[in-house]
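J.:
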Amino acid sequence: MTVFLEVRHRIKPLTNTAFDVFVDFYAETVAPRMERHGIDLIGGWKVSGGEMGWDLSLHRYEDMAHAERALASLGQDKALWAAAERLQGEVQVEEVTKFARRVPYGTDARLEAALVAEPDKPRQYMLAVLQTASGGAPAAMEQIGKLADVAEGAGALQLVTAYASMIGRTGEVTDLWIMPRGLAGFAYQAGDPLHDILGPLRDHAPEESLFYLNPLPYSKLQ
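Numbering-wise (our numbering), the sequence shown opens with residue 95 and increments by one.
Laid out in structure tokens, this is it:
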């Protein structure tokens with residue numbers, strides 16, 4: 095079963111200079127060493143929305159056993175940790191991690207299609223984090239799967255992948271989307287053409303937060 099590790103870093107001070115230092119460190123030191131230790135770093139983004147200074151990285155593993163082996167190997171990389179100590183002399187980094195399992199509508203085919211694409215310029219991404227009601231996750235996932243099919247058919251959104259938290263807040267489901275039309279496609283329009291899908295979805299997932307993501311240089315998902 096595909097497992098994801100979502101990693102968020104908050105970099106301080108809250109300046110572009112500090113963020114650039116961290117991005118350079120990740121691109122030149124962390125990403126190559128992750129690959130060496132068998133970690134598939136599929137995406138890295140700057141996060142917009144809410145608190146400033148956050149990035150988000152997404153690792154893909156075959157299963158939890160693969161994740162444990164690869165992360166244990168990375169943890170023994172003395173050169174990496176020496177470089178990380180030097181980085182702390184320039185910026186302060188807070189890290190938050192979350193293990194999650196791929197959900198059925200976040201298919202391997204959807205992720206591979208996003209990975210093999212060669213866009214002319216980096217694409218606009220959106221992260222949707224939904225909190226499902228007690229026992230409502232299966233029904234919510236069914237409705238999100240329908241929403242993905244409709245949105246992709248209309249060219250409005252493209253689902254990259256989706257995952258449910260294994261550790262942390264129970265019932266949390268996260269969807270990673272590409273926004274082909276960018277943020278302009280989210281301008282206000284009266285009416286609800288997706289009422290038949292979103293109405294039942296809100297019965298089972300009453301809370302949702304959105305974050306906008308822009309690819310960093312080392313991200314496979316551009």
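Note that CB positions come from ideal geometry on N, CA and C, so glycine has one too.
Whole beta strand (DSSP E) runs in the region 156-208 with 3 or more residues, listed along the chain?
T.: Listed in chain order, they are 186-196.
J.: Mind checking residue 141: buried by the 16 CB within 10 Å criterion, or exposed?
T.: Residue 141 should be labelled buried.
J.: In angstroms, rounded to a whole number, what distance separates the CA positions of residue 229 and residue 242?
T.: Rounded to the nearest angstrom, the two C-alpha atoms are 22 Å apart.
J.: Using 8 Å as the cut-off, can you tell me whether the region 218-237 makes contact with the region 266-279, which would need three or more C-beta pairs spanning the two stretches below that distance?
T.: These segments touch.
J.: So residue 244 packs on residue 291, CB below 8 Å; how close in whole Å?
T.: Rounded, the Cβ-Cβ distance is 7 Å, consistent with contact.
J.: Please list the terminal residues of the continuous beta strand (DSSP E) segment that includes residue 98.
T.: It spans 97-106 - the beta strand (DSSP E) in which residue 98 sits, taken as one unbroken run.
J.: Does the region 146-160 come within contact of the region 97-114, defined as at least 3 CB pairs closer than 8 Å?
T.: Yes, since at least three Cβ pairs between the region 146-160 and the region 97-114 fall closer than 8 Å, the two stretches touch.
J.: Using a 10 Å radius around the Cβ and a threshold of 16 neighbouring Cβ atoms, would you call residue 258 buried or exposed?
T.: With 16 or more Cβ atoms within 10 Å of its Cβ, residue 258 is classed as buried.
J.: What residues are listed by DSSP as bridge partners for residue 220?
T.: Answer is 271, 306, bridged to residue 220.
J.: To the nearest angstrom, how far is it from the Cα of residue 119 to the Cα of residue 232?
T.: Rounded to whole angstroms, residue 119 to residue 232 spans 40 Å at the Cα level.
J.: Grab the span of the beta strand (DSSP E) containing residue 284 for me, first residue to last.
T.: Run containing residue 284: none; DSSP gives neither H nor E here.
J.: Work out the CA separation of residue 199 and residue 180 for me, nearest whole Å.
T.: Taking the straight line from one Cα to the other gives about 42 Å.
J.: On the criterion of 16 or more Cβ atoms from any shown chain inside 10 Å, does residue 238 qualify as buried, or is it exposed?
T.: Buried, by the Cβ-count rule.
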